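S.K.: Take this structure first; my questions come after.
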Amino acid sequence: MSLFTLLRLAFRVIARNKARAMLTVLGIVIGVAAVIAMVALGTGAQQNIAKQIASLGSNLIILIPGTTNVAGVRGGGGSSTTVDVDDIEALRREVKSISLIAPANRQQVQIVAGDANWGTTVQGTTPAFYTVRDWGVENGAPHSDLDEASMNKVCVLGKTVATELFGTDDPVDKWVRIKKVPFRVIGVLVAKGQSPMGTDQDDTVLIPFSVYRQRMAGTQRDQIQAAYAAAIDANSAQAAVDDMTAVLRQRHHLRESAEDDFSIRNLADIAAASREVSESMTLLLGSIAGVSLLVGGIGIMNTMLVSVTERTREIGIRMAVGAKARDILVQFLVEAVVLSAIGGAIGVAFGWWVARLLSDTTGWVTVFDPGIAALAFAVSGAVGVFFGFWPARRAARLDPIDALRYE
Amino acid sequence: MSDTPVIDTVGLSKVYATGDTPVVALADVTLQVHRGEFVAVVGASGSGKSTFMNLIGLLDRPSHGVLRLDGVDVARLTSNQRAMVRNHKVGFVFQGFNLLRRTSAMENVELPLLYAGVGARARAQAAATALTQVGLGERMGHMPNQLSGGQQQRVAIARALVNQPALLLADEPTGNLDSTTTREILKLFVDLNVNHGITVVMVTHEQDVAAVSRRVVQFKDGHVVMDGPPPETWTPAVEVPWRAAKVQGAA
Ligand SMILES: Nc1ncnc2c1ncn2[C@@H]1O[C@H](COP(=O)(O)OP(=O)(O)O)[C@@H](O)[C@H]1O
Ligand SMILES: [Mg+2]
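Protein chains in written order, with my numbering: chain E, 103 to 509; chain S, 6 to 256.
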């Protein structure tokens, strides 16, 4: 029998019992859809993470006081008070494996420009910040060492803040008020987008560290909430972390057995942490997919067994007019494969639809991989072969006379 | 008529071991059927007629004895070769038609050709020819449930003939049909035998149907108890040339 004839026959048989076919392939549909959605989201997430990590700046090392959480960075930060300005000064002086270090203290404020008013995060930091975070100023200029020394009340707006306060107008040389203190806008930061933790990095205002200490920090003038350092090169990142740790432990008089009262992370750690998250996600969805495919396969086996029993007489008739065992085997195998391939095709479409829906509602990036779609489709076909084989062989092994006599 | 018999059985037996006591359905049947014969197999219900037909048609395997088809000992055949014999050499017609449901007359008739590896076009042509031959040229697209019993049996006959077998086996082909339809089917068999040289072996329990044949083989409890031309006293359901000739000769 030609493949075309076999396929036509299989489709006709399946079409006779559409409801049963749909229920049968449900497991395959879910399994394949899970794979497709998983890969679409996973690929998108990985691209995103890579981009965001790059956005943090090259050779970046992050220091925060207190013990650490998994990712090594905190959104709010600064709850512990174990690191002070003198520590930063000591690190700058003593650690040769870092080229720059910039403290960054922050708080939530209302920023006002004329009638406009926006809640954002003000960060007090030194000019090293721009280099360490690899963060350019697209309009105007970053603040300078002179601004630090003279405690000039100048500020650089993040893209989001600039847009919220000034719309399309040029904010440079305009005035804004932060906690009632007037600041002159001297620049606007290049847009960076989301951080790996999902916060909008452009929703911020930078002011000189000296001004922050004097006008914003209140009683906590000497405490450091975070500091960003740059290793002298990418290969020195781990050495820099070790050197900084040693200096701080000594300054904090920590005993050998004591834990660090601060945490220092380099980009590799952060990247690994986010990879871990996305890998466990992949594993979870992958096992859902695997179990669904297994259940789907068993569903197909069950349906095919029922079908073989129901059609015993048909098998007998076919054998009586000359069908060989192989002809019967192939017929039922093709039917099982067509069934599971239908499930696979629906699964690919459904999975992509789910990924699109998620991306539309959550803003996550999804990437459709035709190679994976083809693979998932092929795997569902293979499931059909694997789980359809036993029922098909049962059909093929029937004796013509027994099959014909079957009631 | 060739020297080699189309059917040649020696001590053919079938014993069913199901139940407490084994049932001997066919006991030691030695029989030869030659090319061009028209044989009626008769006997009471349960006498072993169907068992005999199923063995000849290679649907079942004997317990003992030898079966040769066209001189070939079928015990030597592999299951694939048996399938090929069913496909090419033998056409089987059942009492219950055994057509595929929800499958058109045309496709039912094409079935043996499908397994013979015949291409779609040639298949359709041969099936149309066979259906026309049995007088169903107008109903090729009909499903079995849209056809009368007689029409369904004619589809089954077309299916049995489509691969141009030398041997037509029919197990009570008219058992489910009324007398008018029975006569139509019998005319078809006589035509196939007389004009196409097909050997016919037909099971029946009706005297006037058996009387159509040239030779009657009677079974009883699995044995052949009578073998010869139908008695003159039996009136055939349809006119047959060999009987007409006899009547003429006698006049
Ligand atoms: N599959 C079977 N299992 C057991 N006994 C059977 C089977 N088929 C037929 N028989 C028995 O074999 C004998 C002959 O049956 P069968 O050839 O069908 O008779 P007929 O066709 O002449 O009516 C009967 O006694 C019947 O009960
Ligand atoms: Mg019978």
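Beta carbons are placed, not taken as given, at the ideal position from N, Cα and C, and that holds for glycine.
All values reported here derive from a predicted model rather than from experimental measurement.
#1: Please state if the CB of residue 343 of chain E and the CB of residue 323 of chain E are separated by a distance shorter than 9 Å.
#2: Since residue 198 of chain S sits in a beta bridge, which residues does DSSP pair it with?
#3: Counting pairs of Cβ atoms below 8 Å between the stretch 102 to 113 of chain S and the stretch 64 to 82 of chain S, do you hit three or more?
#4: Closer than 8 Å is the cut-off here; do at least three beta carbon pairs connect the stretch 394 to 412 of chain E with the stretch 128 to 136 of chain E?
#5: State the start and end residues of the unbroken alpha helix (DSSP H) segment that holds residue 265 of chain E.
#6: With which residues is residue 377 of chain E paired in a DSSP beta bridge?
#7: Per DSSP, which residues does residue 255 of chain E bridge with? Please list them.
#8: In whole angstroms, what is the alpha-carbon distance linking residue 245 of chain S and residue 109 of chain E?
#9: Taking CB distances under 9 Å as the criterion, tell me whether residue 495 of chain E reaches chain S.
#10: Would you kindly report the start and end of the unbroken alpha helix (DSSP H) that includes residue 300 of chain E?
#11: Say whether chain E places a C-beta atom closer than 9 Å to the C-beta of residue 62 of chain S.
#12: Is the beta carbon of residue 215 of chain S less than 9 Å from the beta carbon of residue 248 of chain S?
#13: Could you check how far apart the C-beta atoms of residue 406 of chain E and residue 438 of chain E are, in whole angstroms? I think they sit under 8 Å.
#14: Could you give the DSSP three-state label for residue 1 of chain S: helix, strand or coil?
#15: Could you give the DSSP three-state label for residue 105 of chain S: helix, strand or coil?
#16: Would you list, in chain order, the members of the stretch 401 to 430 of chain E that have their beta-carbon closer than 9 Å to a beta-carbon of chain S?
#17: Look at residue 445 of chain E and residue 126 of chain E and say whether their C-beta atoms are less than 9 Å apart.
#18: Give the secondary structure of residue 207 of chain E by DSSP, where H, G and I count as helix, E and B as strand, and everything else as coil.
#19: Of the choices E:379, E:411, E:151, E:311, whose alpha-carbon is the least far from that of residue 190 of chain E?
#20: For residue 219 of chain E, collect the residues of the same chain with a Cβ closer than 7 Å to its Cβ; drop the 5 residues on either side in sequence, then sort them by chain order.
#21: Can you tell me where the alpha helix (DSSP H) holding residue 445 of chain E begins and where it ends?
#22: Can you tell me the Cα-Cα spacing of residue 391 of chain E and residue 132 of chain E, whole angstroms?
#23: What residues of chain E sit near residue 305 of chain S, judged by a beta carbon separation below 9 Å?
#24: Between residue 383 of chain E and chain S, is there a C-beta pair that is closer than 9 Å?
#25: With residue 73 of chain S as the anchor, note down where its beta strand (DSSP E) starts and where it stops.
#26: Look up residue 424 of chain E in the DSSP assignment and give the residues it is bridged to.
#27: Report yes if the C-beta of residue 176 of chain S is less than 8 Å from at least one heavy atom of ligand 1; otherwise report no.
#28: If we ignore side chains and look at the alpha-carbon of each, how far apart do residue 235 of chain E and residue 305 of chain E end up?
#29: Which runs of the beta strand (DSSP E) at least 3 residues long sit entirely within the stretch 300 to 357 of chain E? Give them in chain order.
#30: Just to be sure I understand the criterion: a residue counts if its Cβ is closer than 6 Å to at least one heavy atom of ligand 1. Which residues meet that?
#31: Is the beta carbon of residue 100 of chain S within less than 8 Å of some heavy atom of ligand 2?
#32: Sorted by chain position, which residues of the same chain lie with C-beta nearer than 7 Å to residue 212 of chain S's C-beta, five sequence neighbours on each side aside?
#33: Please compile the residues from chain S whose C-beta is within a distance smaller than 9 Å of the C-beta of residue 103 of chain E.
#34: For the alpha helix (DSSP H) that residue 228 of chain S lies in, which residues bound it at each end?
#35: Does the stretch 445 to 465 of chain E touch the stretch 139 to 147 of chain E, meaning 3 or more C-beta pairs lie closer than 8 Å?
#36: So for residue 53 of chain S, helix, strand or coil by DSSP?
M.R.: Here's the rundown:
#1: No, they are not a contact pair.
#2: Beta-bridge pairing links residue 198 of chain S to no other residue.
#3: No: fewer than three Cβ pairs fall under 8 Å.
#4: The answer is yes - the stretch 128 to 136 of chain E touches the stretch 394 to 412 of chain E, with three or more Cβ pairs under 8 Å.
#5: It spans 261 to 268 - the alpha helix (DSSP H) in which residue 265 of chain E sits, taken as one unbroken run.
#6: Beta-bridge pairing links residue 377 of chain E to no other residue.
#7: According to DSSP, which records beta bridges pairwise, residue 255 of chain E is partnered with nothing at all.
#8: Residue 109 of chain E has its alpha-carbon roughly 47 Å from the corresponding atom of residue 245 of chain S.
#9: Nearest CB-CB separation between residue 495 of chain E and chain S: not below the 9 Å threshold.
#10: Per DSSP, residue 300 of chain E lies in no alpha helix (DSSP H) and is assigned neither H nor E.
#11: Yes, contact with chain E.
#12: Against a cut-off of 9 Å, the Cβ pair of residue 248 of chain S and residue 215 of chain S comes out as no contact.
#13: Yes, they are in contact, since the Cβ atoms of residue 406 of chain E and residue 438 of chain E sit about 5 Å apart, within 8 Å.
#14: The first residue shown for chain S is 6 and the last is 256, placing residue 1 of chain S beyond what the model contains.
#15: Three-state result, residue 105 of chain S: coil.
#16: For the stretch 401 to 430 of chain E, the set of residues with a beta-carbon nearer than 9 Å to any beta-carbon of chain S comprises 415, 416, 418, 419, 420, 421, 422, 423, 424, 425, 426, 427, 428, 429, in chain order.
#17: Yes, Cβ-Cβ distance for residue 445 of chain E and residue 126 of chain E is below 9 Å.
#18: Assigned with DSSP and collapsed to three states, residue 207 of chain E falls in strand.
#19: For the residues E:379, E:411, E:151, E:311, the minimum Cα distance to residue 190 of chain E belongs to E:311.
#20: Shown here for residue 219 of chain E: same chain residues with a beta carbon closer than 7 Å to its own, the five before and five after excluded, namely 212 in chain order.
#21: Residues 427 to 464.
#22: Rounded to whole angstroms, residue 391 of chain E to residue 132 of chain E spans 7 Å at the Cα level.
#23: There is simply no residue 305 of chain S to check, as chain S begins at 6 and stops at 256 in what is shown.
#24: Chain S, which has no Cβ nearer than 9 Å to the Cβ of residue 383 of chain E, makes this no.
#25: Per DSSP, residue 73 of chain S belongs to the beta strand (DSSP E) from 69 to 74.
#26: None; residue 424 of chain E has no bridge partner.
#27: Result yes, Cβ under 8 Å from ligand 1.
#28: If you draw a straight line from the Cα of residue 235 of chain E to the Cα of residue 305 of chain E, it is about 15 Å long.
#29: With a minimum length of 3 residues, the continuous beta strand (DSSP E) runs that stay inside the stretch 300 to 357 of chain E are 306 to 310, 329 to 333.
#30: This selection yields S:21, S:23, S:28, S:30, S:48, S:50, S:51, S:52, S:53, S:54, S:55, S:56.
#31: For residue 100 of chain S, the shortest C-beta to heavy atom distance toward ligand 2 is below 8 Å.
#32: In the same chain as residue 212 of chain S, and ignoring 5 residues on each side of it, the C-beta atoms closer than 7 Å to its own belong to 239, in chain order.
#33: In chain order: 119, 120, 122.
#34: For residue 228 of chain S, no alpha helix (DSSP H) segment is defined; the enclosing uninterrupted segment is the beta strand (DSSP E) at 228 to 233.
#35: The stretch 139 to 147 of chain E makes contact with the stretch 445 to 465 of chain E: 3 or more CB pairs, one atom from each, lie closer than 8 Å.
#36: Coil at residue 53 of chain S, not helix or strand.
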